[in-house]
Each structure stands twice: as structure tokens, then as C-alpha cells.
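Engineer: In the numbering used here, the protein residues as written are 1357 to 1637.
A virtual CB, placed ideally from N, CA and C, is assigned to each residue, including glycine.
First, the structure itself, so that you have it in front of you.
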Amino acid sequence: MNGQAADLREMALAVLQTPDPRAKAAAARAVCRSLADGDRSWPSPWPAAGPAENPARPERPQRVPPGKTPRRRLGSLEGRIALLHAIAHIEFNAIDLAFDMAVRFGADPALDEAKRLDFLSDWIHVGDDEARHFGLIADRLEALGSAYGELPAHDGLWDAARTTRHDLAARLAIAPLVLEARGLDVTPGMIDRLNSAGDTISAGILKIIYTDEIGHVATGMRWFKHVCNIAGDAPEARYHSLVQQYYQGGLKPPFNTDARDQACFPADYYLPLAATGAPLA
Ligand SMILES: [Fe+2]
Ligand SMILES: [Fe+2]
């Protein structure tokens, strides 16, 4: 990266504009290091132009519709590779989701100057975690004889978040508080299945990711409540209406209430939205 003249926002924007997965992850980690070192600052005033609607993407993995990705029976090496590849793709998207949060919403009117710096720091740290997660899984795939990009993947995660690009409360409701929270529900089962299949190394990596993701949901919750407070909205009711608007079909139970509780994400938010097969509203 040409870091010489870049401020932190330009560095964060460059993460979104980097197509190569390893280079994107390295750029993400460099932003967090720069933030910690204090060698660059955020721009003031914040530039009016936001990031592109979609971040840069590599040629591989090949994109396929959801449901057309490889099956994941974990008794076989192929099954474990398919699962890890799907997780690598989630972490790859999660890097962009975190940096898009910072660059797109860094000047949101709900943030005064002090809150803005906290908000940016929080999402850069989330993005740094996602880049580290991506690296762990990509390395594991390579140790198992595969690599990120070798299997097809779908863009459902990014597509679910993209529809909220005009509304910080909606982005927070959907990205950390639906999509990342869903990760908390399903990851313990994956860890158990990997351990049962004898792949304790992959299981250990997922345990690291799981622990970090509780923090990401907590970060999402903190900012969602802040944005609602500034707007004078009751956060539970606002969450219900935003999820019904932007995430059709309801939330899939069962929920990992222990992990969600650890993230300070109370059941009042999500239980009323549990998918029942009937329309929500
Ligand atoms: Fe992650
Ligand atoms: Fe995350």
C-alpha cells in the first residue's frame, strides 16, 4: 500500500478497494497498527464521497447462488475443506463489512467528535480481528492441501448488508446483530463436529473466532443502542422494525442465548423475530 501520504480513512478505503484476499487482510491489519501507533489520523472534515457500493473482489472464488455451494459432511477431508472454505469466505466478507462500517458511517450525524473516534476505533479493531480470522482459516485450508478461492462461494452475507448502506441503525441491526449473532448460534455445533471428526486444530481455530465474535456482537449492540438513544427510539422496537424491513423471513432458531447474553444482546430483541414459517408482520 502507498501508505506515505494516507490518512486512516484513505487506508481503510484502500482495504475495501483491494481485491486480493491476502493483500486485503494485510491492509486491514496495517490500518489497525497505524491506529495503535498514532502515526496517522482521521481526516477532518470527513470527505463527502462514501465508499463504492461493493468492495473489490478477486476472480476466485467463483460466485454461485446460495444453496449451490459444496456440501459439508465433516467425516471426510473434502467436507472439512468445504466447511473451512465457507468460513474463510465469511471472514473475507467480514473484513469488508467492518471497514465499510467505518468508512461509510464514520461521519454519521449520530456521532459527535468524541463518539466518532470511538466508533472508528471499534470497527477498525473488529476489521483487524476479521483479517486475523481470515488468515487463520486460509492457513488451515492450505495445511489441508486446499486454498481459499478453490471452491465456489456465495455473496449472501454481503448482499444482506448492502441493502442497509443508507442507514447506520439498519446496518448495525443487520450486520452485527443478525449476521454475526447467527455465527454465535451455529459455531459451537461446528466445533463439536470438527472435534468428533478428529480435526482438533480446525476446531481450535473456530473456538478463537467464536470468542472474538461475542465481542463483535457486543460492539454492534453498544453502537445500536447509542444510535437509537440519539434518535429517541426504543432500541428493541427499532430492532424489530429494521429486521422486519431488511431481513425478511425471520431469525432462525435455536439461538445461543448464553453467547448472546455475554454480548449483552437480550432475548427481548431477537426472540419475537424467531422464524415460525408465518409472515412476520
Ligand atoms: Fe470473524
Ligand atoms: Fe465478526
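Once you ignore the five residues that flank Y1625 on each side, which residues in its own chain have a CB closer than 7 Å to its CB?
Structural biologist: For Y1625, where only same-chain residues beyond five positions count, the Cβ hits under 7 Å are E1592, Y1595.
Engineer: Which runs of the alpha helix (DSSP H) at least 4 residues long sit entirely within the stretch 1485–1519? Give them in chain order.
Structural biologist: Taking only runs of at least 4 residues, the alpha helix (DSSP H) segments lying wholly in the stretch 1485–1519 are 1512–1518.
Engineer: Does DSSP put R1472 in a helix, in a strand, or in coil?
Structural biologist: In the structure shown, R1472 sits in a helix (DSSP, three-state: H, G or I).
Engineer: From this set, F1475, P1421, A1590, N1449, which residue's C-alpha is nearest G1491's C-alpha?
Structural biologist: Closest by alpha carbon: N1449.
Engineer: Roughly how many angstroms lie between the CA atoms of A1517 and I1530, to the nearest whole one?
Structural biologist: Distance between the alpha carbons of A1517 and I1530: 6 Å.
Engineer: Under a three-way DSSP split, which group does R1594 fall into?
Structural biologist: The answer is helix: DSSP assigns R1594 an H, G or I state.
Engineer: Just the Cα atoms here: how many angstroms apart are N1358 and L1607?
Structural biologist: Since pLDDT at N1358 reaches only 45, below the 50 mark, its modelled position is unreliable, and no value is offered.
Engineer: Under the three-state reduction of DSSP, which class applies to L1430: helix, strand or coil?
Structural biologist: It is coil, neither helix nor strand.
Engineer: By how many angstroms is the C-alpha of L1476 removed from the C-alpha of R1419?
Structural biologist: Approximately 31 Å between the Cα atoms of the pair.
Engineer: Enumerate in chain order the residues of its own chain whose CB-to-CB distance from T1425 is below 7 Å, with the five nearest sequence positions on each side excluded.
Structural biologist: Answer for T1425: A1442, P1508, A1509, H1510, listed in chain order.
Engineer: Starting from H1522, trace the alpha helix (DSSP H) both ways and give me its first and last residue.
Structural biologist: Segment: none, H1522 is in no alpha helix (DSSP H) and carries neither H nor E.
Engineer: If you reduce the DSSP assignment to three classes, tell me which class R1416 lands in.
Structural biologist: The answer is coil: DSSP assigns R1416 none of H, G, I, E or B.
Engineer: Beta-carbon within less than 8 Å of A1725's beta-carbon, same chain only, minus the 5 sequence neighbours each way: which residues are those?
Structural biologist: Because the chain spans 1357 through 1637 in this model, residue 1725 falls outside it and cannot be assessed.
Engineer: Identify the continuous alpha helix (DSSP H) that holds E1409 and give its terminal residues.
Structural biologist: Looking at the DSSP string, E1409 is not in any alpha helix (DSSP H), and its letter there is neither H nor E.
Engineer: What residues are listed by DSSP as bridge partners for A1630?
Structural biologist: Note: A1630 sits in a beta bridge opposite L1607.
Engineer: Could you tell me if the beta carbon of H1481 falls within a distance shorter than 8 Å of some heavy atom in ligand 1?
Structural biologist: Checking every heavy atom of ligand 1 against the Cβ of H1481, none is found closer than 8 Å.
Engineer: State the DSSP-derived secondary structure class of P1622, mapped to helix, strand or coil.
Structural biologist: The answer is coil: DSSP assigns P1622 none of H, G, I, E or B.
Engineer: Exposed or buried, what is S1390 when buried is set at 16 or more other beta-carbons lying within 10 Å of its beta-carbon?
Structural biologist: Under this definition S1390 is a buried residue.
Engineer: Given 8 Å as the limit, tell me if D1478 has its C-beta closer than that to any heavy atom belonging to ligand 1.
Structural biologist: For ligand 1, not one heavy atom lies less than 8 Å from the Cβ of D1478.
Engineer: When you compare only the Cα positions, how much space is there between G1423 and L1440?
Structural biologist: Distance between the alpha carbons of G1423 and L1440 is about 16 Å.
Engineer: Just verifying my parser: in three-state terms, what is the DSSP assignment at M1367?
Structural biologist: Helix.
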